[in-house]
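The C-terminal residue of the sequence shown carries number 874 in the UniProt record's numbering, and the numbering is unbroken.
Cβ coordinates follow ideal geometry from the N, Cα and C atoms, glycine included.
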Amino acid sequence: MDAELLELQKLFQATQESKAKVRLSERNVVELVTKLKNLELLDSDLLHTITGKEFITKERLKAEVEAEINRLGRASLVDIAASVGVELVHCERVAEQIVAEKPDLTFIQGEIVADSYWDTVAEEVNESLQESGQVAVGELAKRFNVGSELITRVLESRIGILIQGKLEGGQLYTPAHVSRIRAVVRGAVRALTVPTPLSAVWSCVQKQLREGDDASSGGVSGEAVLFQSVLSGLISDAEVKGSLRGGGAVWTPAVFAQSQRQSVEAFFSQNGYISYDFLRKLVISQPKTYLQEKYPEGIALETVFIHPSLTSVLDAATEEAISGGGWIDALPLVPTSSSKSDAALLLNLCPSVIKAKKEGTAVVLADTVLVSQAFIKAFSDKVEAEVRQLAEKSVASQLSNPKKSGVDSTGTETAASSSKSGSTPSNKNFEGGDDVSQGKSGKKKKSSANSKERIKDEEDEETGVKGVKGKRKGGRSKGGIGLLIGEAGNGSTKTVKQSVVKEDIDMPTQEQIAEKTLEWFPDMESVGHDGDEYGDGGALAKSLADLVRPIVISTWAAVKRASFTANAEDRRRRLDSLQQRLDEAYSHLQLFEKALDLFEEDSATTLILQRHLLRTSAAEITDMFLKAQNQEKELEEGDGSEGHERSSAASDHLSTGERMSLAKRLRGNALSKRAVELAETLEGKSVEAFETALEAVMEESGLRLKKLDKKSERALLHAQKKLLMAEVAEEEDPVALLPKVVALLFVQVHSRALQAPGRAMAAAVTRLKSGLSEESYQTLMAYHTSTVQLLSMQATSTSDVSSVVDLLLVDYRQFMLNPSFLSRLPGSGLRGAETSVQGADCTNDRMRTKREALIKLMPSLKALAVTSSSVTKD
1 MDAELLELQK LFQATQESKA KVRLSERNVV ELVTKLKNLE LLDSDLLHTI TGKEFITKER
61 LKAEVEAEIN RLGRASLVDI AASVGVELVH CERVAEQIVA EKPDLTFIQG EIVADSYWDT
121 VAEEVNESLQ ESGQVAVGEL AKRFNVGSEL ITRVLESRIG ILIQGKLEGG QLYTPAHVSR
181 IRAVVRGAVR ALTVPTPLSA VWSCVQKQLR EGDDASSGGV SGEAVLFQSV LSGLISDAEV
241 KGSLRGGGAV WTPAVFAQSQ RQSVEAFFSQ NGYISYDFLR KLVISQPKTY LQEKYPEGIA
301 LETVFIHPSL TSVLDAATEE AISGGGWIDA LPLVPTSSSK SDAALLLNLC PSVIKAKKEG
361 TAVVLADTVL VSQAFIKAFS DKVEAEVRQL AEKSVASQLS NPKKSGVDST GTETAASSSK
421 SGSTPSNKNF EGGDDVSQGK SGKKKKSSAN SKERIKDEED EETGVKGVKG KRKGGRSKGG
481 IGLLIGEAGN GSTKTVKQSV VKEDIDMPTQ EQIAEKTLEW FPDMESVGHD GDEYGDGGAL
541 AKSLADLVRP IVISTWAAVK RASFTANAED RRRRLDSLQQ RLDEAYSHLQ LFEKALDLFE
601 EDSATTLILQ RHLLRTSAAE ITDMFLKAQN QEKELEEGDG SEGHERSSAA SDHLSTGERM
661 SLAKRLRGNA LSKRAVELAE TLEGKSVEAF ETALEAVMEE SGLRLKKLDK KSERALLHAQ
721 KKLLMAEVAE EEDPVALLPK VVALLFVQVH SRALQAPGRA MAAAVTRLKS GLSEESYQTL
781 MAYHTSTVQL LSMQATSTSD VSSVVDLLLV DYRQFMLNPS FLSRLPGSGL RGAETSVQGA
841 DCTNDRMRTK REALIKLMPS LKALAVTSSS VTKD
């Protein structure tokens, strides 16, 4: 009791003697530590904890991480950061520092792992492997919570050291297990005698292993990857004989390969060739490659592989055919299992054929037939003679009845007549008569249909529409003048395509030529494809027909051309003349049209000028085209001479009704429709609409329109100026002088050619004001005013005279009906008529005076137009 009191007294005394302590808040402590760090009184490696209530140094954090690694051999940075209470980034930096200092540590997927840890893992895996016989790598990865690739690398580096087993295909096996599998695979493979897919072998092995597992507790099992690896080892150790093919998917025993090789060698040595189908039956997947590697000197064809000695027989036969001027088919001289392409390739490999083709003494037709040039020459001459006779008969028939024959005077078939009649082309044989054979009616129908298609195709090809700038489009398909002018009029020697216009229906077709060839040479019947359109064979006859087709066309055209050259040349001259006149007229229209731009602001004057151009230059072009088309149509129908006389006797300008009548009578609905639209634009108010319609009708008729370029425009303008100056100098009529002077001044002032009627003369004179001196302009205006007054007087005088004549006619009719009519007139009647006549005489006197005044002004007006000093160009 006394001791306790004594202790309490000491504590009380110590408390009384102790000094008071100052307590600081957490905030003040943080600020104080921060201040000390800024003053460098404390180290700067202090780290805040996540709660912010504690500080920790980097050395302490490093010690914590190392302690965790030493304890487990594997430390997760996430767990360390949570236990220490710092951010993960600080742990990662410390971990990188530790790993850099200690090479036996590894930083993997956010964890630090020591090599001793992997050794421990390897020992555990080895224990499990020895217990079960095989372990899956995937299960180990899941068990140790690492990736499959990582655990695989760890195991591979320790197999044979800490792990007694074999790693194959994601599985670990014990040596005993692998030995058992090796024995099973060796037995299974040695039992095979034919090529067998390994997948089927492995299935049988797996089944056998599973049955062994059921029979005894010590059974084994395996995977296909392990089987493959074991088989590769067996092949390397020469424990099994054979080879892997197809990317290691098929096992071919050595005994089978030896049997294959012996069969191929025996067949090839006995026959000199071997087919690829034979090798496929021997289970050789790539027969061509196999034979090329085995026999480098052989020749690989499409379906067979042959020895070079076989070409000698074919070469001798071809050489004989060339020297004898005949032909030979290579197909019967090659092995029976060869295809047509094989025979063609083998034929082209013969030395005599190569030499003949190089020298031009023979050609290969129908792929497998060699034909000498001597035979082709004789055949061509025979065909040419037959075609010439047939063409002469056809020309005679057409000339005797041109309309019925459907052929125009150029000697070519008119497409319109055949299409309108709807009749099929006459199916004649090569001599021009009816077909002799009655057993080939189906073939004849097909030949007729092919003939129609052939005629149409060759029309398009030989008369081809040319879209090149500046070239004339082929007019034959359009139905205009262009279809009446063909290449038949061309006397120069050209290629067949250039010189021939088109084929007649009477011209022999390719099918007819081929049939005639088989008639001349019956032994060609079996040459060519089986089941061809010519029957059982006929490919050589068809090829010969194709070869001589240009000769047939040129011979046919030559006969026609000789008969109709004069008429074709006459038509060509008419076409050239029409084209030249159209170019000239259209160029003047474009030249006059450019002057309309000067009156854009004056819509009334522009309308007057456009109508005037339509009724003059545009009407001239339209009339020229319609007359020429009508003349050609009448010539084609056999009424050309009479139509030409009527056209020459007709007036230069057609009326609206005459134009519409001619347009509706033109050849072809499309051309007639375009021509009617062109004639209708003349009654409109737009020159542009006329030009659009003109381009359409020119394109439809096969003619062309030449646009006015700068060079041509300057030449035309200069010619127009010279013409106007000559006309002004020679003009004696004061009224007719004014429009010529105004037109000349427009050329000089605005460099534009103007064609203006009287109603637009005032606007034209006003438009010249800016380009003339004041004196010149006043002279021109005075002359214009006097001309207008004179014309007004003439119009009034004409009206008065007409009234007097009408009055006299009325009085005369009354007098004839009633002679006493004159006595009842109250001072009027004939006396009134007499007074009207006297008034007209006064008007005539004033007109005469005004005309004389204009005549006096004519020299000054002419001088104004001729003298350039009074003109100022814009």
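Check the C-beta distance from residue i over to residue j and give it rounded, since I have them as a contact under 8 Å.
i           : j    : result
I855        : P734 : 5 Å
residue 962 : L591 : A question about residue 962 goes unanswered here, because the residues of the chain that appear run from 1 up to 874.
L234        : V225 : Not quite, the Cβ-Cβ distance comes to about 15 Å (not below 8 Å), so this is no contact.
L609        : A760 : 6 Å
A753        : A595 : 6 Å
L349        : V364 : The pair is not a contact, with the Cβ atoms about 12 Å apart (cut-off 8 Å).
V548        : F379 : 7 Å
Q130        : L172 : No, Q130 and L172 are not in contact; Cβ-Cβ is about 10 Å, not under 8 Å.
V369        : A362 : Not a contact, Cβ separation roughly 10 Å.
V749        : V741 : Not confirmed; about 12 Å, so no contact.
F375        : G298 : Their Cβ separation, rounded to whole angstroms, is 33 Å, which puts F375 and G298 out of contact at 8 Å.
V334        : A343 : 5 Å
For residue i, which of helix, strand or coil comes out of DSSP?
i    : result
T15  : helix
G233 : helix
Y173 : strand
V369 : strand
T193 : coil
I112 : strand
F107 : strand
F227 : helix
I306 : strand
Q134 : strand
G771 : helix
F55  : strand
Y295 : coil
D733 : coil
V395 : helix
Tell me which residues share the same chain as residue i and place their Cβ nearer than 7 Å to its Cβ, disregarding the 5 neighbours each side in the sequence.
i    : result
V283 : P195
R851 : P734, L790
F107 : A95, E96, V99
V255 : T193
G170 : A136, V137, G138
E337 : One point to set straight first is that residue 337 is Ser, not Glu, in the sequence displayed. Excluding sequence neighbours, S337 sits near S275, T303, V304.
S341 : E302
Any beta-carbon of chain C closer than 8 Å to the one on residue i?
i    : result
K358 : You won't find chain C in this structure, because it holds only one protein chain.
For residue i, count neighbouring Cβ atoms within 10 angstroms of its own Cβ and tell me buried if that reaches 16, exposed if not.
i           : result
H718        : exposed
I112        : buried
G147        : exposed
I80         : buried
K35         : exposed
H177        : buried
E319        : buried
W520        : exposed
residue 878 : This structure does not reach residue 878, given that the chain is present from 1 up to 874, and the question cannot be answered.
T174        : buried
Report all residues from its chain with a CB closer than 8 Å to the CB of residue i; omit the five preceding and five following residues, and keep chain order.
i    : result
L682 : L614, R615, A618, A619, T622, T656, R659, F690
T57  : D43, D45, L46, L47
L61  : L47, V84, V86, H90, C91, V94
V697 : F625, L671, R674, A675, E677, L678
R190 : V240
L5   : none
S69  : In the sequence as presented, Ser is not what sits at residue 69; that position holds Ile. Taken in chain order, the residues that qualify are A75, I98, L105, I112, A114.
Could you name the residues of the same chain whose beta carbon sits closer than 6 Å to that of residue i, not counting the 5 residues immediately before and after it, in chain order?
i    : result
T555 : E384, V387, R388
G110 : L77
Taking the alpha carbon of residue i as the point to measure from, which residue in the options has its own alpha carbon closest?
i    : options                : result
D367 : L331, A853, L678, E302 : L331
F305 : I161, N630, L390, S275 : S275
V154 : V121, K294, R186, Q130 : V121
S786 : T849, Q164, Q270, A585 : T849
L345 : L310, S232, A321, G324 : L310
D381 : S116, P103, T517       : T517
L744 : T289, E732, L198, M725 : M725
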